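Residue numbering for the sequence shown follows the numbering used here, beginning at 776 and increasing consecutively. C-beta: ideal position from N, C-alpha, C; glycine also. Treat the numbers as computed from the prediction; the structure is a model and nothing was measured.
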Amino acid sequence: MVAIDPVDELRVTQANTHEIRPDGDYVLYWMIAFRRTRWNHSLQRATMWAAELGKPLIVFEALRIRYRWASDRLHRFVIEGMRDNQAALRDKPVTYYPYVEPQAGAGTPLLHELASRSCVVVTDEYPCFFLPRMIRAVQDRLPARLECVDSNGVLPLRLGDRTFTVAHSYRRFMQKQVLDQLAQPPMADPIPDDLPRGDGVPKEILKRWPAADLPKLLGGGISDLPIDHSVPPSPVVPGGPAEAENRLREFVQGPLLRYDEDRNHPDEVATTQLSPHLHFGHLSAFAMVDRLLDLEHWTPDQASPANGKNHGFWNVSESTEALLDQVLTWRELGFNQTFRNPDGYDRYDNLPEWSQKTLEEHAADPRPEIYDLEAFENSRTHDELWNAAQRQLVQQGIMHNYMRMLWGKKILHWTPHPREALRIMEHLNNKYGLDGRDPNSYSGIFWVLGRFDRAWGPKRPIFGSVRYMTSDSTRKKLRLKAYLRKFSGK
């Protein structure tokens, strides 16, 4: 049998006290966050157990109904990924079992039934949204060992020994560690052809919980599910690992060349637009970094000593250097914050002391305009730029990176209190954004209020020492005429 590379133990956590059961019928991989079949530490760990125990592997990818902001948009994106995973595993020696819950609670005992016959259950460790609570709710009730595996980023979540508060310090830490981590990537294809084959999912389980009919769901069946049908699927961002791979390939063949100079200009469309696929686990950060460095014919001896600077470490083109900083510094900084503050990453009281202090000092300042959630949600402000950004979010499920910063700053400017601004930003971003409900989403929202930033002067009304942004300055700096025409609402 082909050897399966071991997964770094720093990425593996035993969630309960059960022992491995060699007499079980199969190894179960409960796929909940890293919804892909390649470059996936969790799948690699499950495959390792199947090979070591001589047992078949079942990949169980489930989608529940009861999660906040559940909608046609989010459901379809995930189900499109299920379709890709089903196709990718069709000729592999594993059983793929997609399950989409038809009614709230219908799938509650399913995991327990699958686990009762397993040797071990491997699942994904994701530090955000409802997933950590879901793991805590089942870990001690499962009749089998549960292992949680971290395949979130290039650096393991547990590698950081503290919560980093600014990008410079995290970047310096990352630069000291990243070469060692790049030397032990997850396997691009972790399923060998000679893995033991089994009888699949037990018939009595399938009878009670039939596998999802993915073509039917994608053909309109999602409308039968008890979720929010007012948020339609994105017309421009399909889901799935196959789409993620296509977008990555097209990006590196064209827009990457001008990423450094044009990414802030909405008219240029020079960003990757891959954040939804990273969020839903359809794309691995490892795979993305590997592609970028391979394009540069990069070798580890090109790296400079760690200094925390956002350019000059990798010694590659400016555009590649800039994108690597987004993926390896800013993205993973958000994961560090979320993982190390599981009960506070999404709370106003977790802001830096300086920003809380200055925001509270100016909380009673008169606002030039005040809008409620309904006005924001429906793009009914006086500001053409802000309305365009909100329309893009509502219509497409994505928002241009620079416009998202302005979007958040103006919500702070036009709400009665910073806490209310936070509530509105979180709701709009998580309801409509395909990349919402993610450590990076919360990084962006809380950056508006001062997280990962420093105090700025002079102090301004409402903002105090928190960084200030205006639509007028944005108009002067950015090329966005085509963007405004597209999202004018006319």
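Count Cβ pairs between the segment 1169-1188 and the segment 1033-1047 that sit closer than 8 Å; are there 3 or more?
yes
Is DSSP giving A845 helix, strand or coil here?
coil
Alpha carbon to alpha carbon, how far is W844 from Q959?
37 Å
Under a three-way DSSP split, which group does F835 fall into?
strand
Which of the three DSSP states is assigned to G1089 in this structure?
According to the sequence shown, residue 1089 is Trp rather than Gly. Note: W1089 maps to coil in three-state DSSP.
Give the C-beta separation of Y801 and I779 to the nearest angstrom, bearing in mind that I take them to be a contact with Cβ-Cβ under 8 Å.
16 Å between Cβ atoms; not a contact.
Which stretch, first to last residue, makes up the alpha helix (DSSP H) that contains Y1207?
1193-1207
Taking only runs that begin and end inside the segment 845-925, name each unbroken beta strand (DSSP E) of 3 or more residues, in chain order.
870-875, 893-899, 921-924
Are any of the Cβ atoms in chain D nearer than 9 Å to that of M1180?
This model lacks chain D altogether, as it is built from one protein chain only.
Please go through the segment 1038-1093 and give each complete alpha helix (DSSP H) segment of 4 or more residues, from N-terminal end onward.
1050-1054, 1060-1070
Taking Cβ to Cβ, would you say D899 is nearer than 9 Å to A1017?
no
Classify R1235 as helix, strand or coil using the three-state DSSP reduction.
strand
Just reading off the beta strand (DSSP E) that Y1120 is part of, what are its end residues?
Unbroken run through Y1120: none, as it is neither H nor E.
Exposure of S1216, with buried meaning 16 or more beta-carbon neighbours within 10 Å:
buried
Pull up the DSSP beta-bridge partners for Y804, would you.
V834, V897
Do G928 and L1103 have their CB atoms nearer than 9 Å?
yes
Quick one: any contact between the segment 1129-1140 and the segment 1236-1245, if contact means 3 or more CB pairs under 8 Å?
yes
So, with DSSP's three-state summary, where would you put G787?
Sequence inspection shows Val at residue 787; the Gly mentioned does not correspond to that position. It is a strand residue.
Taking the straight line between their C-alpha atoms, what separation do you get for E1071 and Q1112?
31 Å
Ignore the nearest five residues each way along the sequence and tell me which others in G882's own chain have a CB closer than 7 Å to its CB.
A837, R839, Y874, E876, W984
Please confirm whether H1052 and G1014 have their CB atoms less than 9 Å apart.
yes
Count the other C-beta atoms from every protein chain shown that fall within 10 angstroms of the C-beta of K1185, then say buried if there are 16 or more, exposed otherwise.
buried
How long is the line joining the alpha carbons of P961 and V869, rounded to whole angstroms?
19 Å
H850 versus I997: straight-line alpha-carbon distance, rounded:
8 Å
On the DSSP bridge list, what partners appear for D955?
Answer is none; D955 lacks a bridge partner.
Exposure label - H887; buried when at least 16 CB within 10 Å
exposed
Which term fits Q1028, buried or exposed, when burial requires 16 or more other beta carbons within 10 angstroms of its beta carbon?
exposed
Between G856 and F1055, is the Cβ-Cβ spacing less than 9 Å?
yes
Name the residue from L803, A821, L864, R811 whose alpha carbon lies nearest to the alpha carbon of F835.
L803
Within 10 angstroms of the Cβ of K1206, are there 16 or more other Cβ atoms? Answer buried if so, exposed if not.
buried
For D925 versus V1012, is the C-beta spacing smaller than 9 Å?
no
For the alpha helix (DSSP H) that contains L1271, what are its first and last residues?
Since the displayed the chain opens at 776 and closes at 1265, residue 1271 lies outside it and no answer follows.
Relative to the alpha-carbon of W1105, which residue among L1067, W1073, R1122, N1085 has its alpha-carbon at the smallest distance?
N1085
Leaving out the 5 sequence neighbours to the left and right, which residues in its chain are closer than 6 Å to R1115 when beta-carbon positions are compared?
T938
Contact check, F1262 vs R1166 under 8 Å by CB: the rounded distance?
4 Å
Assuming S846 and D999 are in contact, meaning their beta carbons sit under 8 Å apart, how far apart are those beta carbons, in whole angstroms?
Contact flag wrong, Cβ pair sits at about 14 Å.
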